[in-house]
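Asks: Sequence lines, in order, name chains Y and G.
So the number in our numbering is just where the residue sits in the first sequence, counting from 1, plus 1126.
So the number in our numbering is just where the residue sits in the second sequence, counting from 1, plus 23.
For each residue, glycine too, the CB sits at the ideal point set by N, CA and C.
Values in this document were obtained by computation on a predicted structure and should not be read as measured data.
Quick one: the structure is below, questions incoming.
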Amino acid sequence: MQGLDFVDSNVLIRGSRALRRTDEGADNRAIAYVEDLKEWEGKLPKAAIPAIVLAEVLAGLESKEEREEAMKVLQRLVVVPFDAAAAHVYAQLRDAPRKTRKGETNGRVCAHADAMIAATAIANRGARLVTFDPSDYDFAAPYITVTEPPSVARQDPISFEATPPM
Amino acid sequence: MDAATAPADSVITLRLVGDLTPDSMPLPKLLELLAAFAKVVQVGGAAAEDLHLTQITSASVGLNLVPSEAAASVASYVIGQLGPDLDSVDDELKGPVQELRAKIPHGTHLELRQAVDGEVFEARLTRLDVEPPKPPVITGWTVVYGILEGILAGKQPTARLRVPGRERQQRVKVTKEQARQLGPMITGPVKIEGLATWDSETWEILDLEAKVIHDFEPISLREGLARLAEIAGSAWDDLDVDTYIHSIRGR
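Have a look at this one:
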């Protein structure tokens, strides 16, 4: 069965922003990717948010009230915790020499939050890690597909209205 | 390999004795047994090619192996060590001998006999039941999301979930009260928090005991982002997302 896409903070923030304004480039790519997911149509979710990403998105809001309001909404998405299995994977990722996509080892270890996000996806047998900074996840490439949202050619302004209820 | 052949009287006899039928000793099992014996001799210092079969007759489960000169002496040394217990066996041989014993079919024992220069070496090995090695497991709290496909009633009610990324249904142990709570949710999405045991090689959840059944009314990621956009207002309009992410991750 197809695993979940694990979505990085930059995709969520850009996607959300694309719903407020007509933009070009990355923001549109983010929301186009999200719209293409067609989640829950087969009754199963297609995308998940690592708890670390949830924390980063909430931290980007300006007030406690906004964060509490956002938390209520985001709890209705598939938010995957950094659990014991992810912790085990994290330790392995941090222990391994960082390898580039070309298979070269540059001796650096992966960044703390990057490793936690990747570990969450790997421990949950995710299908892909979707981010605008795939090179930050080179260390995870042997274990999970790391990809950018695909390029799109969007002409129409994006509706601000939420999707109809399921 | 051009190994010198030992004198004819050094032939090693392996004899399976006991409750044997043709079904209980199919060829693969026999090969496993022979391979395990060859490994015993090999670990002792001879080459695996130094043993081969001889004098095979129909209706016989006894196998005669002709060793090379080197293998003959190794085999007699090893067989001589295989007394009624394994205490006297060299440490490096204990593992291979255990493997050999694990290959002996149920209800049988294995007799080994070798005569070298008029001296007879004999051993009798019984079957050793070896548990297959279990993968290391990790236990901890987690949350699973999926579609509830059914609930098995009984002394230990079990919820069956279809979960993304897992080939098989995920079984979740639930209490009777939780089973009642889940009843109306069948065929719908569920979010269950509980204590999990993972296979640390495949990350399959081997065991999951539900602690909390959440009220979960999922929305799509698209809808979640639309609501987030309302909440964030203009706060992110001019945000340099890359800089923000890099700063919050301490780069």
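Report the neighbours of Asp1264 (chain Y) on chain G: residues whose CB is nearer than 7 Å to its CB, in chain order.
Replies: In chain order: nothing, as chain G lies at least about 15 Å away.
Asks: How is Trp226 (chain G) classed by DSSP in three states: helix, strand or coil?
Replies: Of the three classes helix, strand and coil, the one that applies to Trp226 (chain G) here is coil, per DSSP.
Asks: For Gly247 (chain G), which of Y:Gly1151, Y:Val1205 and Y:Ile1248 has the nearest alpha-carbon?
Replies: Among Y:Gly1151, Y:Val1205 and Y:Ile1248, the Cα nearest to that of Gly247 (chain G) is on Y:Val1205.
Asks: Spatial neighbours of Val63 (chain G) within its chain, please: CB distance less than 7 Å, with the 5 preceding and 5 following residues excluded, ordered by chain position.
Replies: The answer, listed in chain order, is Val101, Leu116, Pro119, Val120 and Leu123.
Asks: Can you list, in chain order, the residues of its chain whose CB lies under 8 Å from that of Ala1177 (chain Y), leaving out five sequence neighbours each side?
Replies: Cβ neighbours of Ala1177 (chain Y) beyond the five flanking positions: Val1205, Val1206, Pro1207, Phe1208 and Thr1246.
Asks: Since Ser223 (chain G) meets chain Y, which of its residues come closer than 7 Å, beta carbon to beta carbon?
Replies: Per Cβ cutoff of 7 Å: His1214.
Asks: Considering only residues of the same chain and omitting the five flanking positions on each side of Ser1135 (chain Y), which have a CB-CB separation below 7 Å?
Replies: The residues are Val1179, Glu1182 and Val1183.
Asks: Can you pull the chain G residues whose beta carbon is under 9 Å from the beta carbon of Ala1210 (chain Y), in chain order?
Replies: What Ala1210 (chain Y) touches in chain G: Ile161, Thr162, Gly163, Trp164, Thr165, Ala219 and Trp221.
Asks: Tell me which residue opens and which closes the alpha helix (DSSP H) that Glu122 (chain G) is part of.
Replies: Segment Asp114 to Ala125, the alpha helix (DSSP H) holding Glu122 (chain G).
Asks: With distances taken Cα to Cα, identify the nearest neighbour of Gln192 (chain G) among G:Ile170, G:Leu148, G:Val264 and G:Ala93.
Replies: Answer by Cα proximity: G:Ile170.
Asks: I need the straight-line Cα distance from Pro187 (chain G) to Pro1171 (chain Y), nearest angstrom please.
Replies: About 7 Å.
Asks: Taking only the alpha-carbon atoms, compute the straight-line gap between Gly173 (chain G) and Arg136 (chain G) and give it to the nearest angstrom.
Replies: For Gly173 (chain G) and Arg136 (chain G), the distance between alpha carbons rounds to 59 Å.
Asks: Expressed to the nearest angstrom, what Euclidean distance is found between the alpha-carbon atoms of Val139 (chain G) and Ser33 (chain G)?
Replies: Spanning the two alpha carbons is a distance of roughly 4 Å.
Asks: Between His75 (chain G) and the rest of its own chain, which residues show a CB-CB distance below 8 Å, the 5 nearest in sequence each way excluded?
Replies: Correct list, in chain order: Leu88 and Val89.
Asks: Okay, do the stretch 1129-1146 of chain Y and the stretch 1241-1256 of chain Y touch, 3+ Cβ pairs below 8 Å being the bar?
Replies: Yes, the stretch 1129-1146 of chain Y is in contact with the stretch 1241-1256 of chain Y.
Asks: Is there contact between the stretch 198-214 of chain G and the stretch 232-249 of chain G, where contact requires at least three CB pairs shorter than 8 Å?
Replies: Counting Cβ pairs under 8 Å, three or more are found: they touch.
Asks: Measuring CB to CB, does Glu145 (chain G) end up less than 8 Å from Val40 (chain G)?
Replies: No, the pair does not count as a contact, with Cβ atoms beyond the cut-off.
Asks: Out of G:Leu54, G:Leu231 and G:Glu92, which one is the CA nearest neighbour of Gln275 (chain G)?
Replies: Outside the shown range of chain G, which is 24 to 274, sits residue 275 (chain G), and nothing can be said about it.
Asks: Output the distance between the C-alpha atoms of Leu1255 (chain Y) and Thr1273 (chain Y), rounded to the nearest integer angstrom.
Replies: Cα-Cα distance, rounded: 6 Å.
Asks: Under the rule that 16 or more other beta-carbon atoms within 10 Å means buried, what is Glu1161 (chain Y), buried or exposed?
Replies: Burial call: buried.
Asks: Would the beta-carbon of Thr210 (chain G) fall within 8 Å of that of Val197 (chain G)?
Replies: It is not a contact, given that the beta carbons lie outside the stated cut-off.
Asks: Any chance the stretch 90-99 of chain G sits against the stretch 1259-1275 of chain Y, with 3 or more Cβ pairs inside 8 Å?
Replies: Judged by Cβ distances under 8 Å, the stretch 90-99 of chain G makes no contact with the stretch 1259-1275 of chain Y, as fewer than three pairs qualify.
Asks: Starting from Lys196 (chain G), trace the alpha helix (DSSP H) in both directions and tell me its first and last residue.
Replies: From DSSP, Lys196 (chain G) is part of no alpha helix (DSSP H) but of the beta strand (DSSP E) over Gln193 to Lys196.
Asks: Could you give the distance in angstroms between the alpha-carbon of Leu184 (chain G) and the alpha-carbon of Val213 (chain G)?
Replies: Distance between the alpha carbons of Leu184 (chain G) and Val213 (chain G): 8 Å.
Asks: Do Ala1152 (chain Y) and Phe1265 (chain Y) count as a contact pair if the criterion is CB distance below 8 Å?
Replies: Contact flag unset, no.
Asks: Taking 8 Å as the CB-CB cut-off, is Val195 (chain G) touching chain Y?
Replies: Cβ-Cβ to chain Y under 8 Å: no for Val195 (chain G).
Asks: Determine which residues of the stretch 1163-1190 of chain Y have a Cβ less than 7 Å from any Cβ of chain G, and write them out in chain order.
Replies: Going along the stretch 1163-1190 of chain Y in chain order, one finds Leu1163, Glu1165, Trp1166, Lys1169, Leu1170, Pro1171, Ala1173, Glu1182, Ala1185, Gly1186, Leu1187 and Glu1188 with a Cβ nearer than 7 Å to chain G.
Asks: Using CA coordinates, which residue listed in G:Ile271, G:Ala258, G:Asp260 and G:Leu229 is at the minimum distance from Pro158 (chain G)?
Replies: Cα-wise, what sits closest to Pro158 (chain G) is G:Leu229.
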